[in-house]
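Single-structure report; data block below.
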Amino acid sequence: MVGDLFINGKDAYQVWGVTMGDKFLDALGEKAGKKDYITNNDRTKNGVEYCDSVPKTNERTVTLTFTITGSSQSDFVVKRDAFYEELDKGNIDITIPKDSAKVYHLKFKDSTGGYAQNTERTFCKLGVKFIEPNPTNRT
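With numbering that gives the first Met the number 0, the residue at position 83 of the sequence shown is 82, and numbering never jumps.
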């Protein structure tokens, strides 16, 4: 938990009680797609001509699930609200030191609507949508 996930250079668990949720690493590890190929669909020729260049990587949408834990109801609310404030900054850099040295440069987009909280109000599961503008830049 401590030291597993860093968001904008801060230990997510120590600062916000945040840990990686279901399939977190799977979502980060998924391959990004390519931009559309450059084509020429000339009406005077059969078929379509494709430019002989190497296709470039497109931005990708990443959905990550986080969990937030507090020691009490009030601690939970403070941590959750502080985490929301961090997301609202827009630019989110995620690192997972035990996985790799990669830095995922993400843009906060939206929640998934999959928020779930326990009845004691000390824990929640939160789905968040991000955009990774350039999946080839992970330094």
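Built from N, CA and C at the ideal position, the CB exists for glycine as well. No experiment lies behind these values; they were computed from the predicted model shown.
- Secondary structure within the segment 71 to 106: the beta strand (DSSP E) runs of 3 or more consecutive residues, fully enclosed, are 90 to 94 (chain order).
- Around the Cβ of residue 121, a 10 Å sphere holds 16 or more other Cβ atoms; the residue is buried.
- A distance below 8 Å separates the beta carbons of residue 20 and residue 124.
- When DSSP states are grouped into helix, strand and coil, residue 27 belongs to the helix group.
- The C-alpha of residue 62 is placed about 41 Å away from the C-alpha of residue 45.
- Rounded to whole angstroms, the gap between the alpha carbons of residue 76 and residue 69 is 8 Å.
- Relative to the Cα of residue 108, the nearest Cα in the group 115, 99, 88, 101 belongs to 88.
- About 6 Å separates the beta carbon of residue 91 from that of residue 6, a gap short enough to meet the 8 Å contact definition.
- A check of alpha carbon separations from residue 114 across 78, 66, 82, 99 identifies 66 as the nearest.
- The beta carbon of residue 132 sits closer than 6 Å to the beta carbons of 58 from its chain, once the five residues preceding and following it are set aside; these are given in chain order.
- Beta-bridge partners assigned by DSSP to residue 61: 129.
- Note: residue 39 is bridge-paired with 48 in the DSSP secondary-structure output.
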